[in-house]
Amino acid sequence: MKIERIELHHIELPLAHPFETSFGREVNRPCILVTVHAEGLAGWGECVAGDGPWYSYETIETAWHVLHDFLIPAVLGQEVTSPADVVARFRPVKGHPMARAALENAVWDLLAQAQGVSLSEMLGGQAERVRVGVSVGIEPTLDQLLARVAQHVNEGYGRIKLKIKPGWDVDVVRAVRERWPDLPLQVDANCAYTLADAPTLRELDQFDLLLIEQPFHHDDIVDHAKLQAQLRTPVCLDESIHSPEHARWALDIGACRIINIKVGRVGGLTAARQIHDLGVERGVPVWCGGMLETNVGRAANVAVAALPNFALPGDISASIRYYPEGKDVAEPNFTLNEDSTLSVPTGPGLGVRVLPARVCAARLQHLSQSG
Ligand code: OSB
Ligand code: MG
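The numbering used here applies: residue 5 is where the sequence shown begins, and numbers increase by one.
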């Protein structure tokens, strides 16, 4: 198919609840939606970069620049028959995985629609439902956190992730574990600790956690390997894994025993599947992380999470957890099944329908380029 036109939409949506991590508090969530047009079809991708370089160095502005000046020119007007064509055209671009992922994923959606298959099918996914949990942000008080966890447990979530940071860790995890002795539980530090905090992190070993996510520096694998050697609980890397190569290096030196795959952070669905396959080869379980996506990004996450080695529940919660009713840019919403799963869409491509009026209502900036 010849890529005839590409659009960028910088949008912003209000979160249903503010989301606080060790790196900050988000009230509104921005993102860039990418539309790729060919032969009367439109493929969609979501860029998960934020307003500032708090989770990774990428921002809305850097992603816009890299998409506009380098990635769009590399594919606009070109013939594309498989996602591998896009990956090859992007190869000269170093870094900027979230920008690359947005456009590559839009092409996956386009090609899946053209072939009349679901994105999950095109990726090789088998599962009809994917197991999911919920990522619970830092709350002003422990009581408010316990109330929030209780709410999600009552909604039917079978796995809870707690955000931690120095001063909001051992006591918080102890309180949750005492109240829910059998609840599958994990924690995420978003880089808030250093190796000097190993004694505190070792205290978490007593709470039977599924994993401890990204305790150290966003680019580190060396100190994580030193920590993993001292911990019973598996270390899981998020921020440190920017590509399939990083995943291999981290496993080679024992920096983690589990990998969080975020499609945006690793540079797209092709790289996400490669890391999944590496996990199969090495006997390392992976799971799907989230970036508070709209239903566009969520549909891509659910599709990839249907691959067989996504062995732990994903941070892919029901749509209403993220955005108020009527605000999300695509339909239908994802809803939680009774077994703490989301159903994998079966329609062509992403299997969700983008609503132009919702995109326009949320839009701050728009670009349309023809080849
Ligand atoms: O570290 O996993 C993270 C959200 C924004 C940035 C980083 C992270 C998160 C989450 C939320 O934990 C996961 C979700 O989308 O539900
Ligand atoms: Mg994380």
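Note that beta-carbon positions come from the ideal geometry of N, C-alpha and C, so glycine has one too.
Subject >> Pairwise C-alpha distance: L241 and N264 >> reply: If I take the Cα positions, the gap works out to 6 Å.
**OP:** Kindly indicate which three-state DSSP category D186 falls into: helix, strand or coil?
**Re:** Here D186 sits in coil by DSSP.
Subject >> Validate contact between the region 121-129 and the region 6-16 using beta carbons, cut 8 Å, 3 pairs >> reply: Too few Cβ pairs lie closer than 8 Å, so no.
Original post:
How would you label R95, buried or exposed, when you count the other beta carbons within 10 angstroms and need 16 or more for buried?
Top reply: The residue in question, R95, is exposed, as its Cβ has fewer than 16 Cβ neighbours within 10 Å.
Original post:
How big is the Cα-Cα spacing for V40 and D147?
Top reply: Their Cα atoms are separated by approximately 46 Å.
Subject >> Contact set for F27: own chain, Cβ-Cβ below 6 Å, skip 5 residues either direction >> reply: Counting only residues of its own chain and dropping the five nearest sequence neighbours on each side, F27 has a CB closer than 6 Å to the CB of W58 and N194.
Original post:
Could one say the Cβ of V38 lies closer than 7 Å to chain D's Cβ atoms, at least one of them?
Top reply: The structure shown has no chain D; it contains just one protein chain.
Original post:
Excluding the five sequence neighbours on either side, which residues of its own chain have a C-beta within less than 7 Å of the C-beta of L213, listed in chain order?
Top reply: Here the set comprises L189, Q190, V191 and T237.
Original post:
Where does S344 fall in DSSP's three states?
Top reply: If DSSP states are grouped into helix, strand and coil, S344 belongs with coil.
**OP:** Check whether the Cβ of D242 lies closer than 6 Å to any heavy atom of the ligand MG, and answer yes or no.
**Re:** At a cut-off of 6 Å, the beta-carbon of D242 counts as near the ligand MG: some heavy atom of the ligand is closer than that.
Original post:
Any heavy atom of the ligand OSB within a distance shorter than 6 Å of the CB on D319?
Top reply: For the ligand OSB, at least one heavy atom lies less than 6 Å from the Cβ of D319.
Original post:
Between which two residues does the alpha helix (DSSP H) containing H69 stretch?
Top reply: Taken as a continuous stretch (DSSP letters only), the alpha helix (DSSP H) holding H69 covers I64 to V70.
Original post:
When the Cα atoms are used, what is the spatial distance from K98 to V180?
Top reply: Cα-Cα distance, rounded: 42 Å.
Original post:
Comparing the CB of D223 with every heavy atom of the ligand MG, is any distance shorter than 6 Å?
Top reply: Checking every heavy atom of the ligand MG against the Cβ of D223, none is found closer than 6 Å.
Original post:
What residue range is occupied by the uninterrupted alpha helix (DSSP H) comprising R104?
Top reply: Run containing R104: P101 to Q119, per the alpha helix (DSSP H) assignment.
Original post:
Looking at A254 and I225, is the spacing between their C-beta atoms short of 7 Å?
Top reply: It is a contact, given that the beta carbons lie within the stated cut-off.
Original post:
Per DSSP, I225 forms a beta bridge with which residues?
Top reply: Paired residues: none, contrary to the question.
**OP:** Please classify Q232: is it buried, with 16 or more other beta-carbons within 10 angstroms of its beta-carbon, or exposed?
**Re:** Its Cβ being crowded by 16 or more others within 10 Å, Q232 is buried.
Original post:
Do the region 303-314 and the region 51-70 touch if we need at least three Cβ pairs shorter than 8 Å?
Top reply: The region 303-314 makes no contact with the region 51-70: fewer than 3 CB pairs, one atom from each, lie closer than 8 Å.
**OP:** Answer yes or no: the CB of E335 versus the heavy atoms of the ligand MG, is any distance below 6 Å?
**Re:** E335 has its Cβ no nearer than 6 Å to any heavy atom of the ligand MG.
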